[in-house]
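Undergrad:
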Amino acid sequence: MTVKRRLRILISNDDGYHAPGIRCLANQLAELGHEVFVGAPDRERSTTGHCLTLHKPLRAEEVTELYSPHVAKAWMINGTPCDAAKLAMNMLLDINTLDVIVSGINRGPNLGTDVIYSGTVSAAVEGAIRAIPAIAVSLDSFDDLHYETAARYVGEALEQIHWEAFPRHMILNINVPAVAYEQLAGVRVTKLGLHRFRDVFEKREDLRGKTYYWQTGVVENREESPDSDVFAVREGYVSVTPIHYDMTRYDFIGSLQEWSLRLT
-19 MTVKRRLRIL ISNDDGYHAP GIRCLANQLA ELGHEVFVGA PDRERSTTGH
31 CLTLHKPLRA EEVTELYSPH VAKAWMINGT PCDAAKLAMN MLLDINTLDV
81 IVSGINRGPN LGTDVIYSGT VSAAVEGAIR AIPAIAVSLD SFDDLHYETA
131 ARYVGEALEQ IHWEAFPRHM ILNINVPAVA YEQLAGVRVT KLGLHRFRDV
181 FEKREDLRGK TYYWQTGVVE NREESPDSDV FAVREGYVSV TPIHYDMTRY
231 DFIGSLQEWS LRLT
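The opening position of the sequence shown corresponds to residue -19 in the numbering used here, with each subsequent residue numbered one higher.
1. Specify the secondary structure class of K190 as computed by DSSP and reduced to three states.
2. Span of the beta strand (DSSP E) holding N86?
3. Going by the DSSP bridge assignment, what does E185 pair with across the sheet?
4. CB I57 to CB V101, shorter than 8 Å?
5. Quick one: grab the DSSP three-state call for Y304.
6. Are there any heavy atoms of the ligand MN lying less than 7 Å away from the beta-carbon of K(-16), as far as the coordinates show?
7. Which residues in the same chain have their Cβ closer than 8 Å to the Cβ of V43, if we skip the five residues on either side of it in sequence?
8. With respect to the alpha helix (DSSP H) encompassing D94, which residues constitute its N-terminal and C-terminal limits?
9. Return the CA-CA distance between Y192 and L174, expressed in angstroms with no decimal places.
10. When you compare each of H142, D120, L138 and P157 to I81 by their alpha carbons, which one comes out closest?
11. Look at the alpha carbon of Y172 and the alpha carbon of K190, and state the distance between them as a whole number of angstroms.
12. Could you tell me how far apart the beta carbons of G245 and D(-6) are, in whole angstroms, since I believe they sit closer than 8 Å?
13. Rounding to the nearest angstrom, what Cα-Cα distance links D179 and Y97 in this structure?
14. Please report the Cβ distance between S(-8) and P61, rounded to the nearest whole angstrom; I am assuming they are in contact, meaning their Cβ atoms lie under 8 Å.
15. Between R(-14) and G234, what straight-line distance do the alpha-carbon atoms span, to the nearest angstrom?
16. Residue range of the beta strand (DSSP E) that G19 falls in?
17. Buried or exposed for V(-17), please, with buried defined as at least 16 other CB atoms from any protein chain shown within 10 angstroms of its CB.
18. Taking the DSSP output, what are the residues bridged to H30?
19. For F181, I'd like the list of residues in its chain whose CB is within less than 8 Å of its CB, leaving aside the five on either flank, ordered along the chain.
20. Shortest alpha-carbon distance to L32 belongs to which of A6, A52 and K66?
21. Going by Cα to Cα distance, which pick from E15, D207, G216 and T221 is closest to V51?
22. State yes or no: is the C-beta of S118 within less than 8 Å of the C-beta of N86?
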């Protein structure tokens, strides 16, 4: 595929610079002809949400292996996904020249309420905050299979997106079934589903008799709306959900004003 427009792309993630998902994505997009830069954590940083590092210095080290020679430059950064995205945008690259930030490919889905905890989504949000078009992409599997399917779809989506109409501060949250590309059922534009977890903590005792806990959690088996991302992925479709970091409940502002909240 020959790209219609060569994009200048920053890629980040929360699984670390060495993860197979980000390497597959960066290599694929670079080999399509895009100008690709990688700024990612130096280790696994999943479920760190929008955490930032303020109590120690951040360091960026150039990565000269693992990536295709078509990738312009890659750095590993000793911070969270948001640290990595912010540092890359503001110090390692000229933020004004970036066309899009893509975060992923995440190992495991980011569906429904997952987006609140996801470092992958949060790294993309950093781009959206700075009015850079942003995409988060995740594979619906915790096995390292079929990253190439997600990478291929992202390459196609970059060709199909109407960049001139891309709303400021929006993130496209993409989830891809872990199957061969030819087995995908299609693409659906969706809303966030529920995908809630039931909190589970394992209580244990260390060798000194002190209690500690392992947090695990189990996905609740809920009925999902047919127009949700969870439902679409279960049916074998790629889900594309437009999301925003503005959490204001606009439909309730008027009702809240009627409560006459005041100082007494």
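The beta carbon of each residue, even a glycine, is placed where N, CA and C say it ideally should be. Quick caveat, the model's predicted, so the values are computed rather than measured.
TA: In terms of the structure at hand:
1. coil
2. V80 to R87
3. T191
4. no
5. Not covered by the structure: residue 304. The range shown for the chain is -19 to 244.
6. Absence of the ligand MN is noted for the structure shown, with no ligands found whatsoever.
7. Y(-3), V18, A54, W55 and M56
8. D94 to Y97
9. 30 Å
10. L138
11. For the sequence presented, residue 172 should be read as Leu rather than Tyr. About 40 Å.
12. Residue 245 falls outside the range modelled here, since the chain spans only -19 to 244, and no answer is possible.
13. 14 Å
14. 6 Å
15. 46 Å
16. E15 to P21
17. exposed
18. According to DSSP, which records beta bridges pairwise, H30 is partnered with nothing at all.
19. Y193, W194, Q195 and T196
20. K66
21. E15
22. yes
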